[in-house]
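Reviewing the structure listed below.
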Amino acid sequence: MTSRHLTAITLLLLFAYGTHAAWEDTGVPATPQPAPRYTTTPRTTAPRRAVTPQQQPRQAPYHQPAPQRQPATYRQPAPQRPAPPPQQQQQQQQLGTTRGFVPPDLYSPFLDARTEPRRWAYLTYVPGAETDRTPDGEEVSLLEFDTRINLAQWRNVLLGDMDVNIRLKSLIFIDDANLTVMPTGLLELPLQVDWTWRYLNGLSFQIGARPGFYADAEALGDGLAVPFHTAFYYAVNPHFSWLLGAEVRLDWNMPVMPLVGLGWEPSEFFRLILALPTTTAVLQLGPVGIFGTAGWRTTTYGMSGEDGDPEQLTVEDIKLGGGVQIAFGENFNMRLEGGLLVNRSLIAETGDVEDTLDLDEAPYFSVAFGG
């Protein structure tokens, strides 16, 4: 029995020794292992650094502030004037480059409303009308030509704005009713200069003069005159303004012409100038303006005083009319006007002697172009 045990132990030792030799000879196990189905990256045994994610601070939700209760004395702001049309804005910009910027709260219907382009030419025809001294059939008719050209608009001239215009007006008597007092034509050729100062309290002050010739076309040297004026304007608000002043015309039949009036412009569509010597109302519908006018006109012309002519002749009337003005573009406007001339008179003066010739009422028709 002991021999069996020795024999078994000997066989086990030999088997173990053979197995160890097989591993050392080949480097691989005697029985190959199956290849792994998936290839994985071997896990590292190095400790990993734990990163704690940084938390973003929580923002409080936005809440619209509750409207506060208005006090009992709160007043709603005054409504703003709507923006003018693009064409009018461009005209205002062009005017602002020459005359300076006018704050909206200092706007004046007298000073800032652009009533005429920089160049105008009028042609007016007045049909025949009888006088108080001519027999039936003898009438006086005339043709009136009036033009104005703006020469300069200067800003900040001694802290004021200056406008310089030249005017030419001619009255041509087509029919003179065989009256010796009637001249062939009367001429006005003045240089008009206006100088305006404007202040932040709404007050404006203007002085101006229009020196030139006011005479018979055949005796210009006898009609040199220098009418001048002073005027105060006050803009109560952008819609309402007033005027107070006077024009002095030395040696004329009316030496002082009052300048007084109110200007009201509630919107850019309507403007009313209720003033002396001229009142106007304008309804502006885009490029088309419909207007009415009433004006007191009186001008004294120098005459030769020879061959039966007086030394001075004053033409006076009241003009009542209306019409339409159309802006075809920035540089072209047309105006059609018609109405009635009333309270017409011709006043001839020689020394202290004054002779008045009354004329009947007569219609008038006028066309004007400008730009």
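Using our numbering, read the sequence shown as starting at 1 and increasing by one per residue. Positions of the beta carbon are idealized from the N, C-alpha and C atoms, including for glycine.
Q: Would you be able to state if there are at least three C-beta pairs under 8 Å between the region 109 to 124 and the region 133 to 153?
A: Taking 8 Å as the limit for Cβ pairs, the verdict is that the region 109 to 124 does touch the region 133 to 153.
Q. What number of angstroms, rounded off, separates the C-alpha of LEU244 from the C-alpha of ARG335?
A. One-based indexing of the sequence shown puts residue 244 at position 244. One-based indexing of the sequence shown puts residue 335 at position 335. When rounded, the distance between both Cα atoms is 29 Å.
Q.
Distance check for LEU346 and GLY96, CA to CA, integer angstroms please.
A. The count along the sequence shown starts at 1 and reaches residue 96 at position 96. The count along the sequence shown starts at 1 and reaches residue 346 at position 346. With a pLDDT of only 40 at GLY96, under 50, the local geometry of the prediction cannot be trusted, and no value is derived from it.
Q | Per-residue DSSP class, three states only, for LEU283 | A | Residue 283 sits at position 283 when you count from the first residue of the sequence shown. In the structure shown, LEU283 sits in a strand (DSSP, three-state: E or B).
Q) Which one of ILE326, ASP317, GLY351 has the shortest CA to CA distance from LEU340? A) Counting from one through the sequence shown, the residue named residue 340 turns up at place 340. Out of ILE326, ASP317, GLY351, ASP317 has the C-alpha closest to the C-alpha of LEU340.
Q) Rounded C-beta distance between TRP195 and GLY160? I'm assuming under 8 Å. A) Locating residue 195 in the sequence shown gives position 195, counting from the first residue. Locating residue 160 in the sequence shown gives position 160, counting from the first residue. The C-beta distance from TRP195 to GLY160 rounds to 5 Å, short enough to fall under 8 Å.
**Q.** Through-space distance from LEU357 to VAL315, alpha-carbon basis
**A.** As a first step, residue 315 must be located in the sequence shown, where it is residue number 315. As a first step, residue 357 must be located in the sequence shown, where it is residue number 357. C-alpha separation (whole angstroms): 10 Å.
(Q) Taking 8 Å as the cut-off, does the region 127 to 136 touch the region 158 to 173 (at least 3 CB pairs, one atom from each stretch)? (A) The answer is no - the region 127 to 136 does not touch the region 158 to 173, with fewer than three Cβ pairs under 8 Å.
(Q) Between the alpha carbons of PRO238 and PRO109, how many angstroms are there, rounded? (A) Mapped onto the sequence shown, residue 238 falls at position 238. Mapped onto the sequence shown, residue 109 falls at position 109. C-alpha separation (whole angstroms): 8 Å.
Q) Contact check, MET257 vs PRO277 under 8 Å by CB: the rounded distance? A) Here residue 257 refers to the residue found at position 257 when the sequence shown is read from its first residue. Here residue 277 refers to the residue found at position 277 when the sequence shown is read from its first residue. The beta-carbon distance between MET257 and PRO277, rounded to whole angstroms, is 6 Å. This is short enough to meet the 8 Å contact definition.
Q: State buried or exposed for ALA348, treating a residue as buried only when at least 16 other CB atoms are found within 10 Å of its CB.
A: On the sequence shown, position 348 is the one that residue 348 refers to. It is buried - the Cβ of ALA348 has at least 16 other Cβ atoms within 10 Å.
Q: With DSSP collapsed to three states, give me the class of GLY371.
A: By 1-based counting over the sequence shown, the position of residue 371 is 371. GLY371 falls in the coil class under three-state DSSP.
Q. For THR45, is the classification buried or exposed, using 16 other Cβ atoms within 10 angstroms of its Cβ as the cut-off for buried?
A. For the purposes of this step, residue 45 is identified with residue 45 of the sequence shown, where counting begins at 1. Note that THR45 scores 49 on pLDDT, short of 50, meaning its location in the model is unreliable; the coordinates nonetheless yield the value given after this. With fewer than 16 other Cβ atoms within 10 Å, it is exposed.
Q. Hey, quick one: how far does the beta strand (DSSP E) through PHE269 stretch, first residue to last?
A. Counting from one through the sequence shown, the residue named residue 269 turns up at place 269. DSSP places PHE269 in no beta strand (DSSP E); its state is neither H nor E.
(Q) According to DSSP, simplified to helix, strand and coil, what is GLY185? (A) Translated into the one-based positions of the sequence shown, residue 185 becomes position 185. Under the three-state reduction of DSSP output, GLY185 falls in the strand class.
(Q) Could you give the first and the last residue of the continuous beta strand (DSSP E) run that contains MET162? (A) The sequence position of residue 162 within the sequence shown is 162, counting from 1. Note, MET162: beta strand (DSSP E), 160 to 176.
Q | Alpha-carbon spacing of GLN206 relative to ASN156, whole angstroms | A | Against the sequence shown, residue 206 aligns to sequence position 206. Against the sequence shown, residue 156 aligns to sequence position 156. Taken atom to atom, the span from the alpha-carbon of GLN206 to that of ASN156 is near 14 Å.
Q: Note down the Cα distance separating THR343 from GLY261, rounded to an integer number of angstroms.
A: Indexing the sequence shown from 1 puts residue 343 at position 343. Indexing the sequence shown from 1 puts residue 261 at position 261. This sequence places Asn at residue 343; Thr is not what is there. A straight-line Cα-Cα distance of about 22 Å links ASN343 and GLY261.
Q: Measure the alpha-carbon distance for GLU138 versus THR184 and round it to whole angstroms.
A: The sequence position of residue 138 within the sequence shown is 138, counting from 1. The sequence position of residue 184 within the sequence shown is 184, counting from 1. Answer to the nearest angstrom: the Cα atoms are 16 Å apart.
Q: Would you kindly report the start and end of the unbroken beta strand (DSSP E) that includes THR124?
A: Mapped onto the sequence shown, residue 124 falls at position 124. For THR124, the uninterrupted beta strand (DSSP E) segment begins and ends at 119 to 129.
Q. Can you tell me where the beta strand (DSSP E) with TRP252 in it begins and where it stops?
A. Taking the first residue of the sequence shown as 1, we reach residue 252 at position 252. Counting along the chain, TRP252 falls outside any beta strand (DSSP E), and DSSP gives it neither H nor E.
Q) Which residue's Cα is closest to the Cα of GLY128: ASP309, GLU311, ASP175, LEU200? A) For this step, residue 128 is matched to residue 128 along the sequence shown. For GLY128, the nearest C-alpha among the options comes from ASP175.
Q.
Let me confirm a value: ASP352 is counted as buried when at least 16 other C-beta atoms fall within 10 Å, else exposed. Which label applies?
A. To locate residue 352, count along the sequence shown from 1; it is residue 352. Within a 10 Å sphere around the beta-carbon of ASP352 sit fewer than 16 other beta-carbons, which makes this residue exposed.
(Q) If you reduce the DSSP assignment to three classes, tell me which class GLY221 lands in. (A) Numbered from its first residue, the sequence shown carries residue 221 at position 221. Looking at GLY221 - three-state DSSP - the assignment turns out to be helix.
Q) Leaving out the 5 sequence neighbours to the left and right, which residues in its chain are closer than 7 Å to TYR107 when beta-carbon positions are compared? A) Sequence index remark: in the sequence shown, residue 107 carries index 107 (1-based). In chain order, ALA235, PRO238 place their CB closer than 7 Å to the CB of TYR107, counting only its own chain and leaving out the 5 sequence neighbours on each side.
Q) Opposite ALA209 in the DSSP bridges: which residues? A) The count along the sequence shown starts at 1 and reaches residue 209 at position 209. Looking at the DSSP output, ALA209 bridges to VAL193, PHE228.
Q. What is the DSSP secondary structure of THR40, counted as helix, strand or coil?
A. Position 40 of the sequence shown holds residue 40. Residue placement at THR40 cannot be trusted, given a pLDDT of 48 that sits under 50; what the coordinates show is reported in the next sentence. Note: THR40 maps to coil in three-state DSSP.
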